[in-house]
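*Asks:* In our numbering, the protein residues as written are -17 to 212. Even glycine gets a Cβ: it sits at the ideal position worked out from N, Cα and C. Structure provided below as structure tokens; questions to follow.
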């Protein structure tokens, strides 16, 4: 069995469609299905380090996969990475799984460090400062917690992310305006209210949302290809 985790169902939608014979497992917390001959357990970690730690631990208490693939969106810190580019996190991933990834990815992916932070890097200057401080190519909020849970369970991890917002672009809507981290749910009315009061942000927000689709396709294709060759 291979486990695959995403932060939110919006990230996993393409992958869920690729699974066959999928059914709920673990009292509805997970989805168990097949990708080719491989049995796959899909879980959602939620957003942020606390939720990711709790939900990754729950998944690994429910099943002991032979590997776990943590995937989803990340913000870009290195200006070389564009929307939809793949980042394979060398600092979190098992060396053998990284070697398999290099053979598979070719020129489709960047290999380097990923940093996990307790909140998003929203502005261009903030991203540049984080890049200088960490040397990381991208930033997310969950991978470090998932990696810690995998280390405790002795499960090899592959961390692969696709860039949703490049280093030279700020997030068009502040994170707190569209997502409630405590409740772990989107804030659609707050988002609409923010855009109504900041109409200049509407165009950048639409471009950001459009960019999520190719980014989601990128990490979904890679993960499906990786599982198919594992």
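#1: Just confirm the distance between the C-beta atoms of residue 91 and residue 112, as a whole number of angstroms; I'd bet it's less than 8 Å.
#2: Quick test of the definition: if touching needs 3 or more C-beta pairs under 8 Å, does the region 41 to 56 touch the region 137 to 146?
#3: Is it a yes or a no for the region 108 to 128 touching the region 145 to 154, going by three-plus beta-carbon pairs under 8 Å?
#4: Within 10 Å of its beta-carbon, does residue 5 have 16 or more other beta-carbons around it, so buried, or fewer, so exposed?
#5: Pick out the complete alpha helix (DSSP H) segments inside the region 43 to 101, 4 residues or longer, and give them in chain order.
#6: Which parts of the region 118 to 173 are runs of the alpha helix (DSSP H), unbroken and 4 residues or longer, counting only runs that do not cross its ends?
#7: Which of helix, strand or coil does DSSP assign to residue 9?
#8: Just to confirm my understanding: we take residue 177, look at its own chain, exclude 5 residues before and 5 after, and list those with CB closer than 8 Å. What are they?
#9: Taking 7 Å as the line, does the beta carbon of residue 196 fall inside it for any heavy atom of the ligand FMN?
#10: Can you name, in chain order, every residue of its own chain whose Cβ lies under 6 Å from the Cβ of residue 97, other than the five neighbours on each side?
#11: Identify, in the order they occur along the chain, each residue of the same chain with its Cβ nearer than 8 Å to the Cβ of residue 102, setting aside the five sequence neighbours on each side.
#12: Can you check the region -11 to 39 for any alpha helix (DSSP H) of at least 4 residues that lies completely inside it and give the ranges in chain order?
#13: Just to confirm the assignment, what range does the alpha helix (DSSP H) spanning residue 193 have?
#14: Let me know if residue 174 comes out buried or exposed under the rule of 16 or more other beta-carbons within 10 Å of its beta-carbon.
#15: If you pair each beta-carbon of the region 13 to 28 with each one of the region -13 to 5, do three or more pairs fall below 8 Å?
#16: What did DSSP end up calling residue -15 once you bin it into helix, strand or coil?
#17: Using a beta-carbon distance below 8 Å, is residue 50 in contact with chain C?
#18: I'd like the list of long-range same chain contacts for residue -4, defined as Cβ closer than 7 Å, with 5 residues on each side in sequence excluded.
*Replies:* Reading from the atomic positions:
#1: Within the chain shown, the letter at position 109 stands for residue 91. Within the chain shown, the letter at position 130 stands for residue 112. The Cβ separation is near 21 Å, so there is no contact.
#2: yes
#3: yes
#4: Taking the chain shown and counting its residues from 1, one reaches residue 5 at position 23. So residue 5 ends up on the exposed side.
#5: 77 to 87
#6: 125 to 135 and 157 to 160
#7: Here residue 9 is taken as the residue at index 27 of the chain shown, counted from 1. Coil at residue 9, not helix or strand.
#8: Along the chain shown, read from residue 1 onward, the residue named residue 177 stands at position 195. Cβ within range, chain order: 155, 183, 184 and 187.
#9: Looking for the ligand FMN in the displayed structure turns up nothing, as the structure carries no ligands at all.
#10: Reading the chain shown from its first residue, position 115 is the one you call residue 97. Correct list, in chain order: 116, 118 and 121.
#11: Numbered from 1 along the chain shown, position 120 holds the residue referred to as residue 102. 57, 121, 123, 153 and 157, listed in sequence order.
#12: -9 to 0
#13: Translated into positions along the chain shown, residue 193 becomes position 211. Note, residue 193: alpha helix (DSSP H), 184 to 211.
#14: Within the chain shown, residue 174 is the residue found at index 192, counting from 1. Classification of residue 174: exposed, given that the 10 Å Cβ count is below 16.
#15: yes
#16: As a working note, residue -15 is residue 3 in the chain shown. Strand at residue -15.
#17: Protein chain content of the structure displayed is limited to a single chain, and chain C is not contained in it.
#18: Along the chain shown, read from residue 1 onward, the residue named residue -4 stands at position 14. Contacts found: 198, 199 and 202.
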